[in-house]
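**Q** Top to bottom, those sequences are chains U and V.
If you read the first sequence in my numbering, its first letter stands for residue 2, the second for the next number, and so on.
If you read the second sequence in my numbering, its first letter stands for residue 2, the second for the next number, and so on.
From the three backbone atoms N, C-alpha and C, an ideal C-beta is built for every residue, glycine too.
Bear in mind that the values here come from a model prediction, so they are computed numbers and not experimental data.
Attaching a single structure in structure tokens format; questions to follow.
2 protein chains.
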Amino acid sequence: MANKPVTIKDIAEKLNISVSTVSRALKNNPEISLQTREAVQKLAKELKYQPNPLAVALKTQKSNTIGVVVPQIVSSFYASVVKGIEQVADEFGYQVFVSSSNEKMEKEEKNVNGFLNMRMDGIILSLSRATSTYDHIHKIQDMGVPMVLFDRTSKELEVSKVVADDAAAAHAAVTHLIEGGAKRIAFLTGPEYMLFGRNRMRGYKKALKEKGMEIDETLISRCDFTVEDAKNASLELLKRSNRPDAFFAINDELAIGAMTAAKELGLKIPDEVAVVGFSNSRRSRYMEPSMSTMDQNPKQVGREAAKLLFDQMEDKPGAKDVKEVVVHADLLVRTSSER
Amino acid sequence: MANKPVTIKDIAEKLNISVSTVSRALKNNPEISLQTREAVQKLAKELKYQPNPLAVALKTQKSNTIGVVVPQIVSSFYASVVKGIEQVADEFGYQVFVSSSNEKMEKEEKNVNGFLNMRMDGIILSLSRATSTYDHIHKIQDMGVPMVLFDRTSKELEVSKVVADDAAAAHAAVTHLIEGGAKRIAFLTGPEYMLFGRNRMRGYKKALKEKGMEIDETLISRCDFTVEDAKNASLELLKRSNRPDAFFAINDELAIGAMTAAKELGLKIPDEVAVVGFSNSRRSRYMEPSMSTMDQNPKQVGREAAKLLFDQMEDKPGAKDVKEVVVHADLLVRTSSER
């Protein structure tokens with residue numbers, strides 16, 4: 002275990018003076034003789050004395066630190082959001098500590114409790130896939146700790162949020178595929194309860210309807226969030242006689258699965274099968290052919306979330322009102338859908 | 002700002018009893034009448050009273066949290082190391098908080114101070130590229146806080162470390178290229194002061210010597226850690242009359258630069274130019290052709306670092322000795338070097 006840190010009491014004992022004299026000498030209080038002040042300060046330096054920061058925090062109730070809970074640390078989207086948060090926090094002279102829920106609700110609760118125990122000045126959080134109840138979120142609110150949610154949020158929570166306009170983004174991606182000549186667009190998505198999935202589904206359907214195209218529910222495939230599962234789902238779709246000529250996927254992982262399946266069947270991308278993913282993961286650019294995707298501007302998401310949080314922490318007028326900031330996604334047309 | 006949390010004093014005032022009675026009632030001390038105990042506990046629940054965790058930490062000097070400082074959060078290597086650390090921390094019921102130095106020494110110092118202020122029970126750290134002095138590391142030692150370094154370390158520091166055997170890894174990669182028929186192997190590396198670069202250079206030269214090949218210093222190219230810079234360096238090398246027939250790069254970024262350059266010049270990979278990278282980044286697998294690379298087993302690095310740290314925190318016999326754990330890298334032969 003750690004050596005016990007040097008305290009004011011240690012200094013007082015060593016110099017045979019009172020604790021309150023040491024305390025005042027360290028603050029350079031002129032009531033204390035210059036000689037004593039110098040002796041105290043010299044010894045404090047020698048012993049590497051540091052004011053106990055927990056005691057300081059206990060007094061001021063400020064840690065100058067914000068806590069960020071992300072569903073995964075191994076994700077370029079969340080990593081870039083954290084970068085955006087750090088940029089704003091740097092300006093305010095705040096530290097950012099990150100913890101990951103690993104997509105588990107139980108771990109998310111632990112992360113939140115850990116941050117509350119550490120008296121973070123504010124918390125920014127994106128819900129895990131497994132999070133279905135919100136007691137831990139309510140606890141942050143009950144304790145009056147400023148909080149902002151981003152990306153994965155819930156309609157049930159009365160908290161300021163930074164969200165993507167998922168419906169508009171999906172609408173843009175699917176419209177682009179239709180304008181490139183696609184007639185049968187498959188949609189690879191995840192479990193039904195996920196809000197962003199439902200919103201992207203809305204955009205997908207709206208784009209089809211607008212162009213007078215029929216919605217064929219057999220082209221909508223739900224899979225796990227793995228390349229392997231998406232590949233299998235895509236193989237199944239592509240082996241049908243009336244196979245899809247385009248894929249829109251809810252994330253890049255699933256889009257990579259679709260591209261892998263098309264390649265395996267010897268289908269040309271984008272000529273026979275066009276593909277658009279979602280989230281502009283690093284690998285999307287280096288796929289062969291390079292993969293079209295939606296750039297969600299994660300750094301901006303992070304910056305907006307941090308700005309909302311600092312507004313609350315600084316108690317700006319209206320900062321307590323529940324706000325929703327929408328960060329738009331941009332369509333990045335690369336080779337996989339250029340036709 | 003946060004609402005002031007409810008304290009024992011608030012409860013005492015509301016019930017018109019003493020603070021020490023409330024304190025003992027909350028601990029269910031039988032010296033206090035059952036009636037009072039029940040009244041206190043009921044009110045504490047209603048007011049959502051929580052023992053002040055900073056006060057608790059102040060007493061026990063334990064936060065059940067370990068802090069991890071990484072040079073970058075946007076990196077699959079560091080993200081995977083963090084996952085490994087989390088796996089071990091989970092077993093011990095500890096939280097993991099991560100902060101990023103963004104490759105800046107100043108930020109690394111702030112991260113360390115932040116963690117020390119928060120009274121982390123231990124710190125795991127990988128040095129930033131810019132770190133050239135070590136006062137902040139010495140401070141962790143002076144305060145007696147358990148610490149382990151990984152990956153980017155320094156010979157100047159007397160601290161337990163988890164390191165890669167970089168020389169052996171580079172030796173394996175270059176030997177593989179020679180055995181595939183390469184006669185002129187370029188080495189893309191970074192600035193000279195970086196320890197891991199020097200070690201990989203050693204392995205590169207040793208492999209060449211062992212096979213009786215001459216070391217041509219003009220084939221060693223130092224570049225920034227960007228795809229763009231590596232591409233330009235590679236273009237220059239490949240345009241020479243006696244161009245290299247293989248590249249070994251100090252990381253996957255630089256190897257991608259080499260592949261991009263070869264493709265731009267219409268050279269066939271691996272037939273005319275073979276490439277091996279380093280660190281098994283996510284995108285390496287999805288390159289076309291898929292890229293050979295060294296897998297540094299980052300999760301194992303994280304697990305070993307966490308194990309060393311918990312040994313120190315639990316004060317196991319010999320845990321204070323400076324240890325060095327070597328995690329070996331595995332060569333992943335993919336298409337870019339298979340010939």
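1. Is the Cβ of I257 (chain V) closer than 8 Å to any Cβ of chain U?
2. Would DSSP call G191 (chain V) helix, strand or coil?
3. So, at 8 Å on beta carbons, what are the nonlocal neighbours of I74 (chain V) in its own chain, with the 5 sequence-adjacent residues on each side left out?
4. Find the nearest neighbour of K210 (chain U) within the set U:G191, U:I141 and U:R185, judged by alpha-carbon distance.
5. With distances taken between CB atoms, is the gap from P72 (chain V) to S127 (chain V) smaller than 8 Å?
6. Under 8 Å: do the region 198-209 of chain V and the region 314-330 of chain V share three or more Cβ pairs, one atom per stretch?
7. With a cut-off of 8 Å, does the C-beta of F226 (chain U) fall near any C-beta of chain V?
8. Looking only at its own chain, which residues have a Cβ that is under 7 Å from the Cβ of E339 (chain U), when we skip the five neighbours before and after it?
9. Starting from R38 (chain U), trace the alpha helix (DSSP H) in both directions and tell me its first and last residue.
10. If I follow the unbroken alpha helix (DSSP H) through K162 (chain U), where does it start and stop?
11. Counting only C-beta atoms, is M233 (chain U) closer than 8 Å to chain V at any point?
12. Apart from the five residues just before and just after N252 (chain V), which ones in its own chain have a Cβ nearer than 6 Å to its Cβ?
13. Going by DSSP, name the residue or residues bridged to F151 (chain U).
14. Note down, in chain order, each residue of its chain lying with its Cβ closer than 6 Å to the Cβ of R203 (chain U), except the 5 sequence neighbours on either side.
15. Assign Y194 (chain U) to buried or exposed, taking buried as 16 or more other Cβ atoms, counted over all protein chains shown, within 10 Å of its Cβ.
16. Please decide whether P6 (chain U) counts as near chain V, where near means a Cβ-Cβ distance under 8 Å.
17. Can you grab the Cα-Cα spacing for the pair I257 (chain U) / Q51 (chain U), in whole Å?
18. Where do the ends of the beta strand (DSSP E) carrying D136 (chain V) lie?
19. Considering just the uninterrupted stretch of the beta strand (DSSP E) at G123 (chain U), what are its terminal residues?
20. What does DSSP give as the partner residues of V328 (chain V) in its beta bridges?
21. Would a C-beta distance cut-off of 8 Å place M121 (chain V) and G85 (chain V) closer than the cut-off?
22. The beta strand (DSSP E) spanning M314 (chain V) covers which residue range?
23. Across which residues does DSSP place A381 (chain U) in a beta bridge pair?
24. Buried or exposed for Q313 (chain V), going by 16 or more other Cβ atoms inside 10 Å?
25. Could you tell me whether the Cβ of S100 (chain V) comes closer than 8 Å to any Cβ of chain U?
26. Could you pull out every residue in the same chain whose Cβ sits closer than 6 Å to the Cβ of L44 (chain V), ignoring the five residues on either side in sequence?
27. Terminal residues of the continuous alpha helix (DSSP H) containing S291 (chain U)?
28. Per the contact definition of three or more C-beta pairs closer than 8 Å, is the region 294-309 of chain U in contact with the region 18-30 of chain V?
29. So, is the C-beta of K393 (chain V) closer than 8 Å to a C-beta in chain U?
30. Under 8 Å between C-beta atoms, does V323 (chain U) make it to chain V?
31. Chain V beta carbons: is any one of them nearer than 8 Å to that of E87 (chain U)?
32. Name the chain V residues whose beta carbon is nearer than 8 Å to that of Q96 (chain U)?
33. Within its chain, find whatever has a CB closer than 7 Å to the CB of V7 (chain U); leave out the 5 residues flanking it on each side and keep chain order.
34. Give me the Cα-Cα distance between R223 (chain U) and E254 (chain U), rounded to the nearest whole angstrom.
35. Using a Cβ cut-off of 7 Å, pull out every chain V residue sitting near R284 (chain U), in sequence order please.
36. Report yes or no: do three or more beta-carbon pairs, one from the region 234-251 of chain V and one from the region 260-277 of chain V, lie closer than 8 Å?
**A** Concretely, from the data shown:
1. On the second sequence, residue 257 (chain V) is found 256 positions in, with the first residue counted as 1. Yes, I257 (chain V) lies at the interface with chain U (some Cβ there is under 8 Å from its Cβ).
2. As a position in the second sequence, residue 191 (chain V) is number 190, starting the count at 1. Here G191 (chain V) sits in coil by DSSP.
3. Translated into the one-based positions of the second sequence, residue 74 (chain V) becomes position 73. Contacts found: A80, V99 and S101.
4. Here the question's residue 210 (chain U) lines up with position 209 in the first sequence. When each option's Cα is compared against that of K210 (chain U), the closest is U:R185.
5. The residue given as residue 72 (chain V) occupies position 71 in the second sequence. The residue given as residue 127 (chain V) occupies position 126 in the second sequence. A contact, by the Cβ cut-off of 8 Å.
6. no
7. Here residue 226 (chain U) corresponds to residue number 225 of the first sequence, with the count starting at 1. Chain V, which has no Cβ nearer than 8 Å to the Cβ of F226 (chain U), makes this no.
8. Here residue 339 (chain U) corresponds to residue number 338 of the first sequence, with the count starting at 1. Once the five neighbours on either side are set aside, the close Cβ partners of E339 (chain U) are P271.
9. Here residue 38 (chain U) is taken as the residue at index 37 of the first sequence, counted from 1. R38 (chain U) -> alpha helix (DSSP H) spans L35 to E47.
10. Locating residue 162 (chain U) in the first sequence gives position 161, counting from the first residue. Not the alpha helix (DSSP H): K162 (chain U) falls in the beta strand (DSSP E), residues K162 to A165.
11. Taking the first sequence and counting its residues from 1, the one referred to as residue 233 (chain U) is at position 232. In the sequence under discussion, the amino acid at residue 233 (chain U) is Asn, which differs from the Met named in the question. No - not a single Cβ of chain V is within 8 Å of the one on N233 (chain U).
12. Locating residue 252 (chain V) in the second sequence gives position 251, counting from the first residue. Once the five neighbours on either side are set aside, the close Cβ partners of N252 (chain V) are F279 and S280.
13. Translated into positions along the first sequence, residue 151 (chain U) becomes position 150. Per DSSP, U:V163.
14. Taking the first sequence and counting its residues from 1, one reaches residue 203 (chain U) at position 202. The answer, listed in chain order, is A168.
15. Reading the first sequence from its first residue, position 193 is the one you call residue 194 (chain U). Answer is exposed; the Cβ neighbour count stays below 16.
16. For this step, residue 6 (chain U) is matched to residue 5 along the first sequence. Yes, its Cβ sits closer than 8 Å to a Cβ of chain V.
17. Locating residue 257 (chain U) in the first sequence gives position 256, where the first residue counts as 1. Locating residue 51 (chain U) in the first sequence gives position 50, where the first residue counts as 1. I257 (chain U) and Q51 (chain U): Cα-Cα distance of roughly 53 Å.
18. By one-based count along the second sequence, residue 136 (chain V) stands at place 135. Per DSSP, D136 (chain V) belongs to no beta strand (DSSP E); it is in the alpha helix (DSSP H), D136 to D143.
19. Position 122 of the first sequence, counting from 1, holds the residue named residue 123 (chain U). According to the DSSP assignment, G123 (chain U) belongs to the beta strand (DSSP E) that extends over G123 to L126.
20. The sequence position of residue 328 (chain V) within the second sequence is 327, counting from 1. DSSP, once it has assigned bridges, lists V:A165 as partnering V328 (chain V).
21. In the second sequence, the residue the question calls residue 121 (chain V) occupies position 120. In the second sequence, the residue the question calls residue 85 (chain V) occupies position 84. Not in contact: M121 (chain V) and G85 (chain V) (Cβ atoms no closer than 8 Å).
22. Start at 1 with the first residue of the second sequence, and residue 314 (chain V) comes out as number 313. Careful: M314 (chain V) lies outside any beta strand (DSSP E), inside the alpha helix (DSSP H) at P299 to M314.
23. Summary: the structure shown does not reach residue 381 (chain U), with chain U confined to residues 2 through 340, and so no result is reported for it.
24. Stepping through the second sequence from its first residue, residue 313 (chain V) is reached at position 312. When all chains shown are included, Q313 (chain V) counts as buried.
25. Reading the second sequence from its first residue, position 99 is the one you call residue 100 (chain V). With 8 Å as the cut-off, S100 (chain V) counts as an interface residue toward chain U.
26. Here residue 44 (chain V) refers to the residue found at position 43 of the second sequence. Around L44 (chain V): I12.
27. Taking the first residue of the first sequence as 1, we reach residue 291 (chain U) at position 290. Per DSSP, S291 (chain U) belongs to no alpha helix (DSSP H) and is neither H nor E.
28. no
29. Lying outside 2 to 340, the shown extent of chain V, residue 393 (chain V) is not represented and no answer is given.
30. As a first step, residue 323 (chain U) is located in the first sequence; it is residue number 322 there, counting from the start. Taking Cβ atoms only, chain V never reaches closer than 8 Å to V323 (chain U), which makes this a no.
31. Start at 1 with the first residue of the first sequence, and residue 87 (chain U) comes out as number 86. Answer yes: the Cβ-Cβ gap between E87 (chain U) and chain V drops below 8 Å somewhere.
32. To locate residue 96 (chain U), count along the first sequence from 1; it is residue 95. Within chain V, the residues near Q96 (chain U) are S100, K111, N112 and G115.
33. In the first sequence, residue 7 (chain U) corresponds to position 6, counting from 1. Cβ contact annotation for V7 (chain U) (same chain, cutoff 7 Å, sequence separation greater than five): L48, K49 and Y50, in chain order.
34. The residue given as residue 223 (chain U) occupies position 222 in the first sequence. The residue given as residue 254 (chain U) occupies position 253 in the first sequence. Computed Cα separation, rounded: 13 Å.
35. Here the question's residue 284 (chain U) lines up with position 283 in the first sequence. Here the neighbours are R283, R284 and Y287.
36. The region 234-251 of chain V vs the region 260-277 of chain V: in contact.
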